[in-house]
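Asks:
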Amino acid sequence: MKPLQRTYRGARAASGPLLYLEGARNVCLGEWVAIEVPGQPARRGQVIDAGERVTVIQVLEETLGLPPARAEVTLTGETATTVVGRELLGRAFTGTGSPADGLPGPVGEAIRPIWGAPMNPSRRQRPSDFIETGVSAIDGMNTLVRGQKLPVFSGSGLPGLELASQIVENARAPRGEAFAVIFVAIGITARETHAFLDRFERSGAMERSILYLNEARDPTIERLLAPRVALTQAEFLAFEAGMHVLVVMADITHYCEALREIATAREEIPGRRGYPGYMYTDLAGIFERAGIIAGREGSVTQIPILTMPDDDITHPIPDLTGYITEGQLVLSRDLHRRGVFPPLDVLPSLSRLMNAGIGPGKTAPEHREWANQLYAVYTRGREARTMVSIVGEAGLGESDRRALEFAERFEREFVDQGERRRSIEETLEVGWALLETLPREDLLRISDQVWEARRARREAP
Amino acid sequence: MDQAFGRLVDGTELSLVQHWPVRRPRPVAERLPGDRPLVTGQRVFDLLFPVAEGGSVAVPGGFGTGKTVIEQSLAKFAAAQIVVYVGCGERGNEMAEVLTEFPRLTDPHTGRSVMDRTVLVVNTSNMPVAAREASVYLGITVAEFYRDMGYTVAVMADSLSRWAEALREIGARLQEMPGEEGYPTYLGNRMGKFYERSGRVVAQGRPERTGALTFISAISPPGGDFSEPVTQASLRVAGALWALDATLAHQRQFPAVDWETSYTLYADATAPWFADAAGKDWTHLRRDILELLQRERELREIAGLIGAEALQDADRLVLEAAAVVREAVLGQNAYDPNDAVSPLGKTYRLAFLARSLYESARDALRAGVPFEALDLGPARHTLVVARYAPPEELEAAFARVEAAIDALRAAGSEVTAEAPPSAREPPFAPEPLPVLESPPERRADA
Chain A
242 MKPLQRTYRG ARAASGPLLY LEGARNVCLG EWVAIEVPGQ PARRGQVIDA GERVTVIQVL
302 EETLGLPPAR AEVTLTGETA TTVVGRELLG RAFTGTGSPA DGLPGPVGEA IRPIWGAPMN
362 PSRRQRPSDF IETGVSAIDG MNTLVRGQKL PVFSGSGLPG LELASQIVEN ARAPRGEAFA
422 VIFVAIGITA RETHAFLDRF ERSGAMERSI LYLNEARDPT IERLLAPRVA LTQAEFLAFE
482 AGMHVLVVMA DITHYCEALR EIATAREEIP GRRGYPGYMY TDLAGIFERA GIIAGREGSV
542 TQIPILTMPD DDITHPIPDL TGYITEGQLV LSRDLHRRGV FPPLDVLPSL SRLMNAGIGP
602 GKTAPEHREW ANQLYAVYTR GREARTMVSI VGEAGLGESD RRALEFAERF EREFVDQGER
662 RRSIEETLEV GWALLETLPR EDLLRISDQV WEARRARREA P
Chain B
14 MDQAFGRLVD GTELSLVQHW PVRRPRPVAE RLPGDRPLVT GQRVFDLLFP VAEGGSVAVP
74 GGFGTGKTVI EQSLAKFAAA QIVVYVGCGE RGNEMAEVLT EFPRLTDPHT GRSVMDRTVL
134 VVNTSNMPVA AREASVYLGI TVAEFYRDMG YTVAVMADSL SRWAEALREI GARLQEMPGE
194 EGYPTYLGNR MGKFYERSGR VVAQGRPERT GALTFISAIS PPGGDFSEPV TQASLRVAGA
254 LWALDATLAH QRQFPAVDWE TSYTLYADAT APWFADAAGK DWTHLRRDIL ELLQRERELR
314 EIAGLIGAEA LQDADRLVLE AAAVVREAVL GQNAYDPNDA VSPLGKTYRL AFLARSLYES
374 ARDALRAGVP FEALDLGPAR HTLVVARYAP PEELEAAFAR VEAAIDALRA AGSEVTAEAP
434 PSAREPPFAP EPLPVLESPP ERRADA
């Protein structure tokens, strides 16, 4: 029995996932609660509203069959915490951090509150280490760097998770530094989890990883805790154990829906499409935990995956995410239908930290110009494609026709790479080969200097 | 510093530290009209949408349209003596970038580190909401303090939407009756009040000092839809709108300023200054470029229906020339050492040359040269090269562009020589080009 623990018999009311307790004293916000009902499995909950008279508790487990009058409510005096440590590597947990693999609970190296403290921006180190994902459309056009948060905007039926597992499989630490992968399943189906883990196991990185699984059948409220528990562990591994941690979170859409569910249950004023007005701040509390602290070894890189409802990028979930994260990788249904894998649409995709991760000594000196040029011609080709559907190919000018063909080949030969891993050199080469099908006058973004250097390299034996 | 160095008769201690409630504007002796521009070093703004010292600008744009890059470029290169940068509810890594990069950059006006003239107010998106609400006020109060010392100050707020959201969150917690989209009903009122804290003023006290506070705020409208309350409330009070467009950003046309939606109310007031500092026909040049872009927009719609090939030669030339303007004049690469900042002289020359390219090609067309035979390639290429040329090679680069344009013109006159004299256009007489130099010295005030 801990000193601050207080037990109350009988709550006033229960509604949805919420339990209302009357007369409790000295309650703190976010306090962890245990709820016992004779003859029923134990439930856990969290104080989300500490009023003078009424305390509102958000129950993690199913509340169906919970009789408020017979409930024995214990306020533990502690806020949500989790066990962190290196020994967690290779294990699987639930969204709240209890073991899900049948093994005993870990002792760990420390117990940490899951809310984390915001990093002081002046103590942050600017991310600038290139991560080679082996995917051309990412490495070449939207480069991922260590400490970045780069979400995948997927749609229902699009291979967002497959892309994430491909990245995880390929993105090894380049200089053999210690690395770890944390996978957080938020409300996804068992099938999706299996598909991801299957691929992941084959890559042989299982013992370098930790899984936090909250599947569709698990309690909704746990979805709000799972990413925070996982990030607390990630921060420990990165900033105290000096590892480079890659956190994959799927699916943020389920997270936001859970957030909305709770907000509605609390009778808050809904914002756009019923999502609470503070969703931006709440999501930022997750995404901003990516980064590097100056003077520490490790880093936390995040790849959140979200499903755009009805492929709508202006929906509040992708919209707010895009405002917080450092870019986005957008999947296209059109490319997917045509069998392109990964079906990445490079035009709306963006990596804000790309410029810090590329260039001499990292990828290639001409990388920026090369990417700008590919973007420019591809954009022109895509515009030409829209035009063709109206006026026919005969209505196009000479250079538009060239751009049109380029766009076709770009999607077939550059973006589409199937399961194969491409090194950054191969990616650059494929891009150059495509650019060289065009006359020099179409390539104004390439400076003479780079053009000459390329020619000299190609002509050298 | 906070030790008292004197005492007033009524016992008030005087020290070098000043305290001021951030929500109350500091008083001024007189408000002046803004007649000189804040030179931003960004071609699209200086040329097409200038902002006056003491003006205010709203920069709305969906995510990924380059709001932050623009705000940072302005913080680095704008011709202000003091820059207050408020990171309000934005990314921590961006602030880390500012903190690494700014100390390394040299302010072209003073030769000292850019960091020396910068004040950062930081509240990242995962920091407390109440502090976010206060951060913009804090930034603007600090700026007013320097303004009162007689400096020209620019405040960049990135982004005001996060401030408004903080207001909304606090309002909801206080159980206030929500207005449009859940924002409190006093949103427009509050925004108007601090937009009005910008301005060119005569400060109180002696000696007489004039200072200016320019306010440039990024806005993040949900879904990139400008009809939302924060953007609309800003537009009611801001003197200029730099609208950022997602389509342009996807085309990697940066800065992704949509020249159709954007506007400025400072163009007329600042025109004399520009004419004086950059070139006499600045106003004409600006109008011609805007006209060309407008014409292009109309033609694009038609071309989208019937195909570019089906247009008349003169119209096809407009499309080509507008493409040159977009590429060589409006487009600016914030990451290129030679292109990140464009002195007024360079902006003028590039725009001037783009216009002569168009005009001489047009004259050649009129003289009877078929569109297919017009070779715009060299002129276009040399112009883009000039954009990236280092300062010492700029003159040579411009000379090459002129040579390419001369070749175009020659092609036209060859045909005219054969044609009857009546078809001949009056000879083309370019304005004498001004020498390249930085704008005239700023007042050495303060």
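As you go down the protein sequences, you meet chains A and B in turn.
Residue numbers for the first sequence follow this note's numbering, beginning at 242 and rising by one.
Residue numbers for the second sequence follow this note's numbering, beginning at 14 and rising by one.
Even for Gly, the Cβ is constructed at its ideal location relative to N, Cα and C.
(1) Buried or exposed for Met628/A, going by 16 or more other Cβ atoms inside 10 Å?
(2) Mind listing the chain A neighbours of Met169/B? Cutoff is C-beta to C-beta under 9 Å, in chain order.
(3) Which same chain residues, not among the five before or five after Arg145/B, have their C-beta less than 7 Å away from its C-beta?
(4) Mind pulling the chain A residues with CB within less than 8 Å of His394/B?
(5) Of the choices Gln474/A, Glu448/A, Thr434/A and Ser444/A, whose alpha-carbon is the least far from that of Glu456/A?
(6) Beta-carbon within less than 7 Å of Leu684/A's beta-carbon, same chain only, minus the 5 sequence neighbours each way: which residues are those?
(7) By alpha-carbon positions, which one of Asp657/A, Leu391/A and Gly536/A ends up nearest to Arg364/A?
(8) Could you name the residues that DSSP lists as bridge partners for Arg284/A?
(9) How close, in whole Å, do the beta carbons of Ser69/B and Ala251/B come, if the pair is a contact with beta carbons under 8 Å?
(10) Residues in the region 229 to 241 of chain B with C-beta within 9 Å of chain A's C-beta atoms, listed in sequence order?
(11) Taking the alpha carbon of Arg416/A as the point to measure from, which residue in Asp370/A, Thr430/A and Gly401/A has its own alpha carbon closest?
(12) So, under 8 Å CB-CB, Ala65/B and Gly47/B are touching, yes? Tell me the CB distance rounded to an integer number of Å.
(13) Please state if the CB of Leu151/B and the CB of Ala231/B are separated by a distance shorter than 9 Å.
(14) Between Thr113/B and chain A, is any beta-carbon pair separated by less than 9 Å?
(15) With the cut-off set at 9 Å, would you say Asn139/B and Gly526/A are in Cβ contact?
(16) Whose Cβ in chain B lies nearer than 8 Å to the Cβ of Ser688/A?
(17) On the criterion of 16 or more Cβ atoms from any shown chain inside 10 Å, does Ala436/B qualify as buried, or is it exposed?
(18) Using 10 angstroms around the beta-carbon of Glu438/B, count the other beta-carbons present and answer buried if the total reaches 16, otherwise exposed.
(19) Answer with buried or exposed for Cys269/A, where buried requires no fewer than 16 other C-beta atoms within 10 angstroms of its C-beta.
(20) In chain A, what lies closer than 9 Å to Glu406/B by C-beta?
(21) Tell me the rounded alpha-carbon separation between Ile429/A and Pro345/A.
(22) Exposed or buried, which one is Ile298/A when buried takes at least 16 other CB atoms within 10 Å?
(23) Cβ of Ser86/B less than 9 Å from any chain A Cβ?
(24) Expressed to the nearest angstrom, what Euclidean distance is found between the alpha-carbon atoms of Val168/B and Arg222/B?
(25) If you draw a straight line from the C-alpha of Gly105/B to the C-alpha of Ala170/B, how long is it?
(26) Where does the unbroken beta strand (DSSP E) through Met490/A begin, and where does it stop?
(27) Can you list, in chain order, the residues of the region 358 to 385 of chain A whose Cβ is nearer than 8 Å to any Cβ on chain B?
(28) Which bits of chain D does Pro191/B rub up against, with CB to CB less than 7 Å?
(29) Let me know if Met520/A comes out buried or exposed under the rule of 16 or more other beta-carbons within 10 Å of its beta-carbon.
(30) Could you check what DSSP says for Pro234/B in three-state terms: helix, strand or coil?
(31) Find the nearest neighbour of Arg514/A within the set Val41/B, Pro235/B, Lys359/B and Glu372/B, judged by alpha-carbon distance.
(32) Checking the sheet assignment: what are the DSSP bridge partners for Met169/B?
(33) Report the three-state DSSP secondary structure of Arg650/A (helix, strand or coil).
(34) Rounded to a whole number of angstroms, what is the C-alpha to C-alpha distance between Phe365/B and Pro63/B?
(35) Which residues of the region 64 to 80 of chain B have a Cβ closer than 7 Å to any Cβ of chain A? Give them in chain order.
(36) Give the secondary structure of Val64/B by DSSP, where H, G and I count as helix, E and B as strand, and everything else as coil.
Replies: Let's see:
(1) buried
(2) None at all; the shortest Cβ gap to chain A is about 16 Å.
(3) Cys101, Gly102, Asn136, Arg175, Trp176 and Ala179
(4) Glu682 and Leu685
(5) Thr434/A
(6) Gln614 and Leu676
(7) Gly536/A
(8) Ile276/A
(9) 5 Å
(10) Ser233, Pro235, Gly236, Gly237 and Asp238
(11) Asp370/A
(12) 3 Å
(13) no
(14) yes
(15) yes
(16) Val398 and Tyr401
(17) Because Ala436/B sits at a pLDDT of 44, beneath the cut-off of 50, its placement in the model cannot be relied upon, and the following sentence gives the value as read from the coordinates. By the 10 Å Cβ count, Ala436/B comes out exposed.
(18) No answer about Glu438/B holds up, because its pLDDT of 48 lies below 50 and its placement is not dependable.
(19) exposed
(20) By Cβ distance, chain A contributes nothing, its closest Cβ being about 12 Å from Glu406/B, past 9 Å.
(21) 25 Å
(22) buried
(23) no
(24) 19 Å
(25) 15 Å
(26) His485 to Ala491
(27) Pro359, Met360, Pro362, Ser363, Arg365, Gln366, Arg367 and Pro368
(28) Among the chains of the structure shown, chain D does not appear; the protein chains present are A and B.
(29) buried
(30) coil
(31) Pro235/B
(32) Tyr98/B and Ile229/B
(33) helix
(34) 17 Å
(35) Phe76 and Gly77
(36) coil
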